[in-house]
Amino acid sequence: MENISLDPNDPMWSLARSMENTVRTIRKARGLRNPEDCVQGTPDHEDVTVEFLKDLMRMMGDDPDAPDEDDELGVDAAG
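Structure representation (C-alpha coordinates):
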(Lines of atoms letter the chains of each structure in order from A; the text may use other names.)
(Lines give C-alpha, C1' and ligand atoms only; values in the text may rest on other atoms or scores of the structure.)
Protein backbone atom coordinates (compact mmCIF):
# COMPACT_ATOMS: atom_id res chain seq x y z
CA MET A 1 0.00 0.00 0.00
CA GLU A 2 1.37 3.39 -0.93
CA ASN A 3 2.01 6.09 1.63
CA ILE A 4 -0.79 8.68 1.49
CA SER A 5 0.22 12.27 2.18
CA LEU A 6 -1.94 14.22 4.61
CA ASP A 7 -0.15 17.49 3.90
CA PRO A 8 -2.65 20.38 3.70
CA ASN A 9 -0.56 21.77 0.81
CA ASP A 10 -1.24 18.65 -1.28
CA PRO A 11 -3.88 19.34 -3.97
CA MET A 12 -5.67 16.13 -2.97
CA TRP A 13 -6.20 17.66 0.49
CA SER A 14 -8.36 20.41 -1.02
CA LEU A 15 -10.28 17.87 -3.07
CA ALA A 16 -10.91 15.68 -0.03
CA ARG A 17 -12.10 18.66 2.03
CA SER A 18 -14.40 19.78 -0.79
CA MET A 19 -15.93 16.32 -1.03
CA GLU A 20 -16.37 16.13 2.74
CA ASN A 21 -18.09 19.52 2.84
CA THR A 22 -20.33 18.61 -0.09
CA VAL A 23 -21.49 15.42 1.65
CA ARG A 24 -22.14 17.38 4.87
CA THR A 25 -24.19 19.98 2.99
CA ILE A 26 -26.24 17.40 1.07
CA ARG A 27 -26.95 15.40 4.23
CA LYS A 28 -28.04 18.54 6.06
CA ALA A 29 -30.33 19.56 3.17
CA ARG A 30 -31.91 16.10 3.28
CA GLY A 31 -32.54 16.38 7.00
CA LEU A 32 -29.86 13.82 7.88
CA ARG A 33 -27.41 14.29 10.71
CA ASN A 34 -23.66 14.55 10.35
CA PRO A 35 -21.20 13.06 12.86
CA GLU A 36 -20.71 16.40 14.64
CA ASP A 37 -24.46 16.49 15.36
CA CYS A 38 -24.11 13.53 17.76
CA VAL A 39 -22.36 13.00 21.07
CA GLN A 40 -18.96 11.51 20.27
CA GLY A 41 -18.41 7.97 21.48
CA THR A 42 -22.09 6.98 21.53
CA PRO A 43 -23.63 4.24 19.38
CA ASP A 44 -25.66 6.97 17.66
CA HIS A 45 -22.46 8.83 16.71
CA GLU A 46 -20.96 5.62 15.33
CA ASP A 47 -24.08 4.88 13.24
CA VAL A 48 -24.20 8.41 11.81
CA THR A 49 -20.46 8.32 11.09
CA VAL A 50 -20.78 5.03 9.20
CA GLU A 51 -23.65 6.43 7.12
CA PHE A 52 -21.64 9.61 6.47
CA LEU A 53 -18.67 7.55 5.26
CA LYS A 54 -20.94 5.45 3.04
CA ASP A 55 -22.27 8.66 1.47
CA LEU A 56 -18.70 9.83 0.92
CA MET A 57 -17.86 6.52 -0.76
CA ARG A 58 -20.90 6.89 -3.02
CA MET A 59 -19.71 10.36 -3.98
CA MET A 60 -16.41 8.83 -5.06
CA GLY A 61 -18.27 6.34 -7.25
CA ASP A 62 -18.01 3.31 -4.98
CA ASP A 63 -20.79 1.06 -3.70
CA PRO A 64 -20.28 0.69 0.05
CA ASP A 65 -22.81 -2.14 0.19
CA ALA A 66 -21.07 -4.28 -2.45
CA PRO A 67 -19.05 -7.25 -1.21
CA ASP A 68 -15.32 -6.63 -1.06
CA GLU A 69 -13.67 -8.14 -4.13
CA ASP A 70 -10.67 -9.19 -2.03
CA ASP A 71 -12.89 -11.02 0.46
CA GLU A 72 -12.56 -14.74 -0.19
CA LEU A 73 -15.03 -15.70 2.54
CA GLY A 74 -17.90 -13.52 1.33
CA VAL A 75 -18.38 -11.86 4.72
CA ASP A 76 -17.12 -8.37 3.76
CA ALA A 77 -15.48 -5.99 6.21
CA ALA A 78 -18.40 -6.07 8.65
CA GLY A 79 -18.46 -9.84 8.89
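Residue numbers for the sequence shown follow full-length UniProt numbering, so the first one is 1 and each next one is one higher.
Backbone N, C-alpha and C define an ideal beta-carbon position, used for all residues, glycine too.
All values derive from a computational prediction rather than experimental measurement.
Rounded to the nearest angstrom, the gap between the Cα atoms of residue 59 and residue 39 is 25 Å. Going by C-alpha positions, residue 7 is about 22 Å away from residue 23. The three-state secondary structure of residue 66, taken from DSSP, is coil. In the three-state reduction of the DSSP assignment, residue 42 falls in the coil class. In this structure, the beta-carbon distance from residue 27 to residue 21 does not fall below 8 Å.
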